[in-house]
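Report on one structure; see the data block that follows.
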Amino acid sequence: MRFSLNHVRLRKKMLIVYVVCVLVPIVLTNIVFYQVTTHNVRQQKLSDISAAMDQVRRDFLDQMDVAAGISSIFYTDARFNEAIERSYATSSDYVDAYYADIYPTMYRYSPIYKAIRDVAVYSANPTIVGGGGIRPITEEVEAASWYQALALGGGGGTPIVVRSVSQTSHGPETVFSFVRRLDYFGEKHGRYPILKIDIGYGAISALLRNATLQGDVYLVGGDGRILTAAGSAERQQELAAFRPEALAADAISVRKPIDNVDYLRGWSIEGAFPEHRVLQDVYKSRNLVVYLALPNVIVPTLVILWFTRSLSSRLARILHQMKRVRNHSFEPVAPPDYRDEIGQLTREFNRMTLQIKSLIDDVYLADILRKDLEIKRNQAQLHALQSQINPHFLFNALETIRMRSLIKKEEETAKIIHNMAKIFRRSLSWDRDWMTVREELELIHCFLEIQKYRFGDKLDYAVEADDEALEWLVPKMSVLPFVENASIHGIEKSKRGGSIRLLFRVEGSALVAEVADDGAGMEAEELEAIRGSLERDEPFGDHVGIQNVYRRLRLYYGERFELRMDSVRRKGTSVRIRLPRRGEEGPSDEPGGNS
1 MRFSLNHVRL RKKMLIVYVV CVLVPIVLTN IVFYQVTTHN VRQQKLSDIS AAMDQVRRDF
61 LDQMDVAAGI SSIFYTDARF NEAIERSYAT SSDYVDAYYA DIYPTMYRYS PIYKAIRDVA
121 VYSANPTIVG GGGIRPITEE VEAASWYQAL ALGGGGGTPI VVRSVSQTSH GPETVFSFVR
181 RLDYFGEKHG RYPILKIDIG YGAISALLRN ATLQGDVYLV GGDGRILTAA GSAERQQELA
241 AFRPEALAAD AISVRKPIDN VDYLRGWSIE GAFPEHRVLQ DVYKSRNLVV YLALPNVIVP
301 TLVILWFTRS LSSRLARILH QMKRVRNHSF EPVAPPDYRD EIGQLTREFN RMTLQIKSLI
361 DDVYLADILR KDLEIKRNQA QLHALQSQIN PHFLFNALET IRMRSLIKKE EETAKIIHNM
421 AKIFRRSLSW DRDWMTVREE LELIHCFLEI QKYRFGDKLD YAVEADDEAL EWLVPKMSVL
481 PFVENASIHG IEKSKRGGSI RLLFRVEGSA LVAEVADDGA GMEAEELEAI RGSLERDEPF
541 GDHVGIQNVY RRLRLYYGER FELRMDSVRR KGTSVRIRLP RRGEEGPSDE PGGNS
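Laid out in structure tokens, this is it:
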């Protein structure tokens with residue numbers, strides 16, 4: 001079927017207009033604006049981070065270049081190298097040579113470059129007296145990390161940079177050592193002096209800390225280990241292997257390799273910047289976007305609600321009154337007399353309603369009164385016919401027969417007729433749907449006496465009832481059909497006769513009634529068929545009485561009652577009924593009459 005807005009109610013139409021024309025455009029516009037702003041700010045932040053990282057790289061190279069420049073002076077100073085390599089006859093000869101050729105070079109740069117913590121030359125020349133920056137190569141020196149690193153990778157005059165610990169007057173201090181062999185004369189003397197320039201650890205760390213970066217910055221050596229770091233990782237991961245995959249999931253990773261000098265080959269500046277910190281300014285602006293969007297949503301919403309209420313409430317009032325007209329209520333709509341189209345519609349509807357009411361009063365009311373009188377006359381005739389076959393006629397006839405039996409001394413026959421009349425009278429008096437267990441037992445007793453008269457010694461019965469159970473209210477004749485069923489289908493079909501046992505007792509807040517016989521019983525298939533017919537509410541053979549009781553109990557108690565039937569062939573049948581107290585039973589307390 002083709003969709004048409006003509007089938008949509010006015011309130012829903014206004015809601016569709018609001019959602020499609022106001023809410024969705026505003027939300028989409030703000031989302032797109034926020035996404036574009038976030039993207040642009042992110043790109044700008046990444047550009048700023050990259051520039052800051054480049055600056056850190058340049059500053060670090062400047063520090064290393066200072067050390068490399070100093071080392072080049074030492075490496076190419078022929079006078080200095082000749083003094084280091086020379087063999088001295090006496091200590092005084094060395095002292096004279098130290099102040100003339102060594103001292104001017106050793107202490108030329110210390111006052112100028114504050115980052116340089118120490119400049120030392122290690123020599124294996126036994127004629128040199130240690131001191132003044134010149135130190136002997138001892139076993140302790142040979143075991144140092146920087147010496148081992150130079151032995152492994154610093155062949156020739158190629159320098160290396162290692163992180164090491166230097167002993168100072170204040171104790172051990174972490175430094176970056178720029179180490180280089182001074183092989184100016186090659187293997188001429190068989191000894192290689194070593195130049196070691198220590199750059200303060202704090203100076204390198206300050207380069208990383210001074211960068212205006214919102215995250216962690218690492219200086220990673222050629223072996224992949226973290227030499228120093230700034231940020232939350234400062235001094236927490238030093239000398240640990242740098243693993244990019246171990247960074248936070250939302251971290252923005254930036255890498256700046258230092259590969260333009262041989263002695264720093266493989267080194268890099270690594271940065272890890274949490275995206276939520278990089279974009280925290282954008283997240284702050286999100287609140288501003290929301291504050292700007294709220295008036296754009298709230299104001300149109302209030303206006304549309306105002307318009308919708310002005311239209312839909314008055315239309316709903318007119319529609320409600322039209323439905324009342326269908327039930328012959330011709331009252332006019334009574335809102336104020338508005339001048340818009342709905343107000344005009346209201347006035348026309350009121351005019352039409354008053355005209356219809358006038359026509360009904362003038363033309364149809366008299367005809368209705370005439371037909372009503374005719375219906376009442378027909379009902380009176382029907383009642384007259386019914387009175388001719390009133391059940392009292394049958395009761396009076398049975399009473400007449402009972403009195404004649406008493407006159408003829410047939411007291412047993414009179415008693416049976418009396419019991420039959422009581423059952424007949426009670427079964428036809430449906431003005432009461434409820435009776436006490438005591439009254440139900442009176443009917444059952446009457447029925448059993450009739451059956452006893454019929455079967456003689458073939459039938460015995462016993463009735464037990466708690467005193468509390470006797471005043472319990474139950475639906476009328478809800479147990480009698482099971483007693484009748486036990487007599488007709490149990491005792492009558494048994495050649496040996498049998499007995500019927502009836503029990504009423506109170507268990508907690510429920511009444512339990514049990515009817516048991518030791519008669520013919522039923523096969524399991526027949527019992528299952530009866531149970532199935534009760535569940536499916538289908539007729540089954542001659543068990544109409546049981547089905548009627550089951551329907552009535554369901555009508556009164558819903559699912560709150562219990563009915564259980566058990567039977568064994570040639571051993572008998574038992575029925576157990578469990579009923580809740582009246583007032584707790586279920587959906588209907590009086591389905592067919594008054595208590």
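Okay, so the sequence shown: first residue is 1 according to full-length UniProt numbering, each after it adds one.
Don't be surprised by glycine CBs; every beta carbon is placed ideally from N, CA and C.
Just so you know, these numbers come straight off a predicted model, no measurement behind them.
In terms of residues, what are the limits of the alpha helix (DSSP H) holding A51? In the DSSP assignment, A51 falls within the unbroken alpha helix (DSSP H) covering V24 to T76.
Is the CB-CB distance between V161 and M53 below 8 Å? Contact flag unset, no.
Could you tell me which of D340, L315, M352 and Q344 sits nearest to E331, measuring between CA atoms? Of the listed residues, the one whose Cα sits closest to E331 is M352.
Whether F242 touches Y218 by CB criterion (8 Å): A Cβ-Cβ contact shorter than 8 Å links F242 with Y218.
Should the stretch 124–134 be called in touch with the stretch 91–104, which here means at least 3 C-beta pairs below 8 Å? Segments in contact, yes.
So what's A100 in DSSP terms, helix, strand or just coil? A100: helix per DSSP, three-state reduction.
Rounded C-alpha distance that separates residue 598 from Y201: Nothing about residue 598 can be reported from this structure: the residues present for the chain run from 1 to 595 only.
According to DSSP, is L288 part of a helix, a strand, or is it coil? If DSSP states are grouped into helix, strand and coil, L288 belongs with the helices.
Bridge partners for D517 per DSSP, in chain order? According to DSSP, D517 shares a beta bridge with I500 and T573.
Along the chain, where does the beta strand (DSSP E) containing Q547 start, and where does it finish? Here Q547 belongs to no beta strand (DSSP E); instead the alpha helix (DSSP H) covers V544 to Y557.
Close Cβ partners of V175 (< 8 Å) along its chain, the five nearest in sequence each way excluded: Taken in chain order, the residues that qualify are R117, D118, R163, S164, V165, S166, D198, I199, G200 and Y201.
What's the gap between the Cα of R42 and the Cα of D48? When rounded, the separation of the alpha-carbon atoms in R42 and D48 is 10 Å.
Burial state of E270, where buried means 16 or more other Cβ atoms lie within 10 Å: Residue environment: E270 is assigned as buried (16 or more neighbouring CB atoms within 10 Å of its CB, all protein chains considered).
Does the Cβ of N548 have 16 or more other Cβ atoms within 10 Å, making it buried, or fewer, making it exposed? So N548 counts as exposed.
Same chain, Cβ closer than 8 Å to A144, neighbours up to 5 away in sequence not counted: Only residues of its own chain outside the window of five on either side were considered, and among them S164 have a CB closer than 8 Å to the CB of A144, listed in chain order.
Would the stretch 314–327 and the stretch 295–304 be scored as touching if the rule is three or more Cβ pairs under 8 Å? The count of Cβ pairs closer than 8 Å, one atom from the stretch 314–327 and one from the stretch 295–304, stays below three, leaving the stretches out of contact.
Note the first and the last residue of the continuous beta strand (DSSP E) segment covering A462. Membership of A462 in the beta strand (DSSP E) is indicated by the continuous run L459 to A465.
Please state if the CB of A229 and the CB of L247 are separated by a distance shorter than 8 Å. No, these two residues do not count as a Cβ contact at 8 Å.
If we count the other Cβ atoms within 10 Å of its Cβ and call it buried at 16 or more, is R581 buried or exposed? It counts as exposed.
Please report how far the alpha carbon of P481 lies from the alpha carbon of I375, in whole angstroms. Each residue's CA atom was taken as its position, placing P481 and I375 some 39 Å apart.
What residue range is occupied by the uninterrupted beta strand (DSSP E) comprising residue 609? Limits of the chain in this structure are 1 at one end and 595 at the other, which puts residue 609 out of reach.
Taking the straight line between their C-alpha atoms, what separation do you get for E559 and R551? Each residue's alpha carbon lies about 11 Å from the other.
So, I226 versus A206, is the Cβ gap smaller than 8 Å? Contact: no.
For A516 versus G572, is the C-beta spacing smaller than 8 Å? Yes, the Cβ-Cβ distance between A516 and G572 is below 8 Å.
Does the stretch 511–529 come within contact of the stretch 486–497, defined as at least 3 CB pairs closer than 8 Å? Segment contact: the stretch 511–529 against the stretch 486–497, three or more CB-CB distances shorter than 8 Å; contact assigned.
Is it the case that the Cβ atoms of A272 and G215 are separated by a distance below 8 Å? It is a contact, given that the beta carbons lie within the stated cut-off.
Please work out which residues of its chain come closer than 6 Å, Cβ to Cβ, to V66, disregarding the five sequence neighbours upstream and downstream, and give them in chain order. Taking V66 as the centre and dropping the five residues before and after it, the same chain places the C-beta of Y113 closer than 6 Å to its C-beta, in chain order.
Beta-carbon separation of P159 and S71 under 8 Å? The answer is yes: Cβ separation under 8 Å.
Could you tell me the distance, in whole angstroms, from the CA atom of L311 to the CA atom of V20? Their backbone Cα atoms lie some 20 Å apart in a straight line.
Cα-Cα separation between Q568 and H418, rounded to whole angstroms: Rather than Gln, the amino acid found at residue 568 in this sequence is Val. Each residue's Cα considered, the two are about 36 Å apart.
For D216, write down the residues that DSSP places opposite it in a beta bridge. Answer is A272, bridged to D216.
Beta-carbon proximity list for E275, same chain, < 6 Å, skipping 5 on both sides: Excluding sequence positions up to five before and after E275, its CB lies within less than 6 Å of the CB of D250 and I252, all in the same chain and listed in chain order.
With a Cβ-Cβ cutoff of 8 Å, do N30 and V303 count as a contact? The answer is no: Cβ separation not under 8 Å.
Taking the alpha carbon of A486 as the point to measure from, which residue in K256, E507 and M522 has its own alpha carbon closest? Checking every option, the nearest Cα to that of A486 belongs to M522.
Drop a sphere of 10 angstroms on the beta-carbon of S177, count the other beta-carbons inside from all chains shown, and report buried for 16 or more, exposed for fewer. That one is buried.
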